[in-house]
Amino acid sequence: MKRTLLASAIALIATGHAYADYQFELGAVYTQGETANTDYDGFGIGGEFHFDKVDTSKGPLAEASFLDKSSFVDFAFLSVEPDVAGADDVDTTNIGGRFVTATNLIIEANWSTVDTGNSDSDSIRVGVGTYLNDNTDVVVSYTSEDDNNADVDYLDVAFHGVNPLNQGTSVAYDVAVGYIDTDNDSGYQIAVGGTYYFNTMFGLGLNAGIVDVGDSSSDTISLDASFFPNPQVEIFASIFDSSIEVNNNDADADGILLGAAFRF
């Protein structure tokens, strides 16, 4: 989820094209918000290592890795601190990768763990897919999650595409649907999103998703953006809002995320 400071972005966006291939990307984020009437803030770091140089001349800089069919490994760590006396931080760690073969076969794998101090959950995800053409892919994935000895299984299919338009603009889209199976119930999740790129350096997006499993449901919407003041630096941000219902009890969540990434 990405969104930049609009006033600065509009003032600084270049109309020409600038390219700088890269192989490493490192970034950091700050987030704050409220969930279930509890304030929180958090910090995170992440990075990607690509096996080969990423060609950034094929479209929006934010989509360079996807458009170049790049293979990479990545990691992310996020620590969130609730504004409650004596509360433990919630730490999330993710390690994964995406591998694209010469025949456009896509293989993905991720391991994640969430540590809340008193409990933790682990999940493993594997995915297989293909590029349908140079600008569109589809990935089917299976995730197994162990959440405090409660097993949850996910089966998802996701599409991502980037369609060029006129005068250097383009539109990216995401569509994902999934089946969820828990120890007691089953349900589904649906996510859709789109990003309009005014040029290769600036894009605005809108994303929405719903989850419904047994007596629990949630919906989330976010406004996101990405801005490259130069081809090797990305500034991104997001503002999001969620509504969660569990056993007829409602809880709302909202927040912002700000970050930057550096390519070299």
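Basically this note's numbering = 1-based index in the sequence shown + 110. All C-beta atoms in this analysis are idealised placements derived from N, C-alpha and C, irrespective of residue type, glycine included. The structure displayed is predicted, hence computed values, not measured ones.
So residue i is in the alpha helix (DSSP H); what residue range does that whole segment cover?
i	result
L177	174 to 177
Of the choices the options, whose alpha-carbon is the least far from that of residue i?
i	options	result
I300	A318, D293, G313, G324	A318
N294	D329, D201, V262	V262
V267	P274, S280, E218	E218
F346	V356, N359, I366, I205	I366
D325	F185, G304, V356, P341	V356
D201	S352, S189, I320	S189
S251	T279, Y289, P274, S229	Y289
F176	D193, F153, G154, L242	L242
D184	H160, G237, A260	H160
D334	V323, G315, V321	G315
A260	Q277, D230, V236, V285	D230
P274	E144, L265, T305, F134	T305
What residue range is occupied by the uninterrupted beta strand (DSSP E) comprising residue i?
i	result
A376	Because the chain is modelled from 111 through 374, residue 376 falls outside the range shown and cannot be assessed.
L275	Where L275 is concerned, there is no enclosing beta strand (DSSP E), given that its DSSP letter is neither H nor E.
D351	343 to 356
S332	326 to 340
K163	148 to 164
D232	230 to 243
With a Cβ-Cβ cutoff of 8 Å, do residue i and residue j count as a contact?
i	j	result
G297	Y283	no
G137	A371	yes
G207	F182	yes
S332	F350	yes
D151	Q142	yes
N199	G156	Note that residue 199 corresponds to Asp in the displayed sequence, not to Asn. No, they are not a contact pair.
V139	G369	yes
A361	A212	no
V210	S167	no
How is residue i classed by DSSP in three states: helix, strand or coil?
i	result
L136	strand
V262	strand
Throw me the rounded Cβ distance for the residue i and residue j pair, which I believe falls under 8 Å.
i	j	result
T246	I216	At roughly 12 Å, the Cβ-Cβ gap does not stay under 8 Å, so T246 and I216 are not in contact.
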